[in-house]
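Undergrad:
There are 2 protein chains.
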Amino acid sequence: MVRMARVSTRDEILRVAGDQFARVGFKGTSLQDIAVEVGCSKAALLYHFAGKEQILLALVATAEHALTGLLADLGDLDPAAAQALAIERFVDLVLEFRREAALVYEVVPQFHSEPAFCSVLAQADELCAAITARSDDPAEIIAAQTVLHGVVNVAIDDKWDAAQLRPALLRVARRALITPHHDKD
Amino acid sequence: MVRMARVSTRDEILRVAGDQFARVGFKGTSLQDIAVEVGCSKAALLYHFAGKEQILLALVATAEHALTGLLADLGDLDPAAAQALAIERFVDLVLEFRREAALVYEVVPQFHSEPAFCSVLAQADELCAAITARSDDPAEIIAAQTVLHGVVNVAIDDKWDAAQLRPALLRVARRALITPHHDKD
DNA sequence: GTCTATATCAAGATAGAC
DNA sequence: GTCTATCTTGATATAGAC
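In the order they appear, the protein sequences are chains A and B.
Going by this note's numbering, the first residue of the first sequence is number 851, and it counts up by one from there.
Going by this note's numbering, the first residue of the second sequence is number 851, and it counts up by one from there.
#1: Hey, residue 916 of chain B and residue 977 of chain B: beta-carbon distance below 8 Å or not?
#2: Under DSSP, the alpha helix (DSSP H) around residue 859 of chain A begins and ends at which residues?
#3: Looking at residue 1016 of chain B and residue 1026 of chain A, is the spacing between their C-beta atoms short of 8 Å?
#4: Can you grab the Cα-Cα spacing for the pair residue 887 of chain B / residue 902 of chain B, in whole Å?
#5: Can you name the start and end residues of the alpha helix (DSSP H) that residue 969 of chain B belongs to?
#6: In terms of alpha-carbon separation, which member of A:897, A:910 and A:877 lies closest to residue 865 of chain A?
#7: Against chain A, does residue 939 of chain B count as a neighbour if the rule is that its beta carbon must be under 8 Å from one of theirs?
#8: Pick helix, strand or coil for residue 900 of chain A, following the three-state DSSP scheme.
#9: If contacts are defined as beta-carbon pairs under 8 Å, then residue 877 of chain B and residue 875 of chain A qualify, I think. What distance do you get, rounded to the angstrom?
#10: Does the beta carbon of residue 962 of chain B come closer than 8 Å to any beta carbon on chain A?
#11: Throw me the rounded Cβ distance for the residue 973 of chain A and residue 927 of chain A pair, which I believe falls under 8 Å.
#12: Using only the alpha-carbon positions, how far apart do residue 881 of chain B and residue 940 of chain B sit?
#13: Among the residues of its own chain, which have a CB less than 8 Å from the CB of residue 883 of chain A, if the five just before and after it don't count?
#14: According to a CB-to-CB cut-off of less than 7 Å, which residues of the segment 980-1000 of chain A neighbour chain B?
#15: So, at 6 Å on beta carbons, what are the nonlocal neighbours of residue 990 of chain A in its own chain, with the 5 sequence-adjacent residues on each side left out?
#16: Mind checking whether residue 829 of chain B and residue 1005 of chain B have CB atoms under 8 Å apart?
#17: Check this for me: beta carbons of residue 997 of chain A and residue 1023 of chain A, under 8 Å apart or not?
#18: Using the C-alpha atoms, what's the distance from residue 930 of chain A back to residue 1019 of chain B?
#19: Using CA coordinates, which residue listed in B:895, B:914, B:879 and B:987 is at the minimum distance from residue 858 of chain B?
#20: Identify, in the order they occur along the chain, each residue of the same chain with its Cβ nearer than 7 Å to the Cβ of residue 853 of chain B, setting aside the five sequence neighbours on each side.
#21: In its own chain, which residues sit with a C-beta less than 6 Å from the C-beta of residue 879 of chain B, not counting the 5 before and 5 after it?
#22: Would you mind working out which of A:862, A:893, A:1011 and A:934 sits nearest residue 1021 of chain A, comparing C-alpha positions?
#23: What is the rounded straight-line gap between the Cα of residue 885 of chain B and the Cα of residue 863 of chain B?
#24: For residue 914 of chain A versus residue 970 of chain A, is the C-beta spacing smaller than 8 Å?
#25: For the segment 858-882 of chain B, list every residue whose C-beta sits within 8 Å of some C-beta in chain A, in sequence order.
#26: Suppose contacts are defined by Cβ-Cβ distances below 8 Å. Is residue 943 of chain A in contact with residue 952 of chain A by that definition?
#27: Let me check understanding here. Comparing Cα to Cα, which of A:925, A:988, A:949 and A:1008 lies closest to residue 992 of chain B?
#28: Listed from N- to C-terminal order along the chain, which residues in the segment 888-912 of chain A have their beta-carbon within a distance smaller than 8 Å of any beta-carbon of chain B?
#29: How should residue 1034 of chain B be labelled, buried or exposed, when 16 other C-beta atoms within 10 angstroms of its C-beta is the threshold for buried?
#30: How would you list, in chain order, the residues of chain A whose beta-carbon sits under 8 Å from the beta-carbon of residue 929 of chain B?
#31: Decide if residue 955 of chain B is buried, meaning its Cβ has at least 16 other Cβ atoms within 10 Å, or exposed.
#32: Quick check on residue 919 of chain B: does DSSP put it in helix, strand or coil?
#33: Is residue 919 of chain B buried or exposed, if buried means 16 or more other CB atoms sit within 10 Å of its CB?
#34: On the premise that residue 966 of chain A lies in contact with residue 907 of chain A, defined as a C-beta separation below 8 Å, what is that separation, rounded to the nearest angstrom?
#35: Establish whether the CB of residue 1016 of chain A and some CB of chain B are separated by less than 8 Å.
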């Protein structure tokens, strides 16, 4: 028989906290807020995690792990192929880890001093490089960052579901980022 | 003789607060932080503004006024012309009011209950409608929101100056949003 | 593993001197 | 107009019972 997907309190904390961090920011979320939505006490939260920042670290670790896998898959491809795959995989990654992605792109940069976050920020930069097909043209880099931020921000919004978002985000990202080829192939 | 552009403390407060609100969020910014950067005391801040939220309101009012002007200029145009102008004017607006724009797109939505912000949020929606050429296709709306959020987020970053950003943002926005015409004009 | 206290600290805001 | 206290509240975090 299938083990019931009864989520542990710990997982519930991560889910709720990730949601609130992404919506109102890390500072904007109190342990009280999280505890109320999880349905437990603040002390229970702090039994599972050593502090509020540890909850953020756990969430970022999830994002980092997923990003590592994505980047590894791009390793052997030539820039053009890597770009196409990076765009597709990035959109899917954001849709699967909406909250975690928002954290990496919106809240983690506010903690740029924290060494714990340097690694995931470096991965975000590496993803940006892949998405520009390793261009050093500032206009291409700006375009890539625009799309990355835009995709993450739109995906946070509960207004759209993943089935609507995926094709729409893929289309806008490809239009914006893939340079049209004027030569025949 | 020209009056020295010696900024008043009030204007300095708005500049510093707008910068910090945009970078680390409203909740993430303390009166202490603002006071230190302005070079005055918390009490001096609260002499000029009745509270932290009043500082945000003043900044949002600036953004709202600018948006009102933009939308008025679009009023009489047909959708296609309005779309093209909306994109260009939006980019210029964001570059002129980087911080205020970030507030409207990133921090104000967190206060959706506040009636004081309903008006500017409605204007942001109206701008989105103009930018999609009034399409009701969800994919177009998602694309527009992606670009709007992306442009605002990239413009916050001090890494780029306005001279680099303007052409780059215009190009990515037009690529992403203006549907290619296959028929000859 | 989760709770009820409670300690500690920082934030927003006020009062009144200068 | 700006300062130095000071008040009040709410947040993180701890201690110890169940």
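Positions of the beta carbon are idealized from the N, C-alpha and C atoms, including for glycine.
Bear in mind that the values here come from a model prediction, so they are computed numbers and not experimental data.
TA: Working from what's here:
#1: Contact check for residue 916 of chain B against residue 977 of chain B fails: the beta carbons are separated by 8 Å or more.
#2: Per DSSP, residue 859 of chain A belongs to the alpha helix (DSSP H) from 859-874.
#3: Contact annotation: residue 1026 of chain A and residue 1016 of chain B have beta-carbon atoms that are not nearer than 8 Å.
#4: Those two C-alpha atoms are separated by around 15 Å.
#5: If you look at residue 969 of chain B, you'll find it in the alpha helix (DSSP H) that goes 968-981.
#6: Nearest option by C-alpha distance: A:910.
#7: No, its Cβ sits nowhere closer than 8 Å to a Cβ of chain A.
#8: Coil at residue 900 of chain A, not helix or strand.
#9: Indeed they touch by this definition, with Cβ atoms about 6 Å apart.
#10: Taking Cβ atoms only, chain A never reaches closer than 8 Å to residue 962 of chain B, which makes this a no.
#11: Under the criterion of beta carbons closer than 8 Å, residue 973 of chain A and residue 927 of chain A do not qualify as touching, at roughly 17 Å.
#12: Here the alpha carbons of residue 940 of chain B and residue 881 of chain B stand approximately 31 Å from one another.
#13: Closer than 8 Å at Cβ, skipping near neighbours: 870.
#14: Taking 7 Å as the upper bound on Cβ-Cβ separation, chain B lies near residues 988, 989, 992, 993, 995, 996, 997, 999 and 1000 of the segment 980-1000 of chain A.
#15: These residues qualify, in order along the chain: 982.
#16: The structure shown does not extend to residue 829 of chain B, since chain B spans only 851 to 1035, so no value can be given for it.
#17: The answer is yes: Cβ separation under 8 Å.
#18: Taking the straight line joining both Cα atoms gives about 22 Å.
#19: The shortest Cα separation from residue 858 of chain B among B:895, B:914, B:879 and B:987 belongs to B:895.
#20: Bear in mind that a pLDDT of 49 at residue 853 of chain B, under 50, signals an unreliable position, so the number given afterwards is only what the model happens to contain. By the criterion of a C-beta distance shorter than 7 Å, residue 853 of chain B is surrounded by no residue of its chain, once the five residues flanking it on both sides are discounted.
#21: These residues qualify, in order along the chain: 870 and 871.
#22: Of all alpha-carbon atoms in A:862, A:893, A:1011 and A:934, the one lying nearest the alpha-carbon of residue 1021 of chain A is that of A:934.
#23: Spanning the two alpha carbons is a distance of roughly 8 Å.
#24: If you check the CB distance, residue 914 of chain A and residue 970 of chain A come in under 8 Å.
#25: Among the residues of the segment 858-882 of chain B, those with a Cβ less than 8 Å away from any Cβ of chain A are 873, 874, 875, 876, 877 and 878, in the order of the chain.
#26: Cβ atoms of residue 943 of chain A and residue 952 of chain A: not closer than 8 Å.
#27: Residue 992 of chain B has its Cα closest to that of A:1008, out of A:925, A:988, A:949 and A:1008.
#28: Listed by position, the residues of the segment 888-912 of chain A near chain B (Cβ gap below 8 Å) amount to none.
#29: Low confidence applies here, because residue 1034 of chain B scores a pLDDT of 48, under 50, leaving its location unreliable; read the following figure in that light. Classification of residue 1034 of chain B: exposed, given that the 10 Å Cβ count is below 16.
#30: Neighbours of residue 929 of chain B in chain A, taken as residues whose beta carbon is under 8 Å from its own, are absent, since the nearest beta carbon is some 19 Å off.
#31: Buried, by the Cβ-count rule.
#32: Of the three classes helix, strand and coil, the one that applies to residue 919 of chain B here is helix, per DSSP.
#33: With fewer than 16 other Cβ atoms inside 10 Å of its own Cβ, residue 919 of chain B counts as exposed.
#34: With 8 Å as the limit, residue 907 of chain A and residue 966 of chain A qualify as a contact, their Cβ atoms being about 6 Å apart.
#35: The beta carbon of residue 1016 of chain A sits no closer than 8 Å to any beta carbon of chain B.
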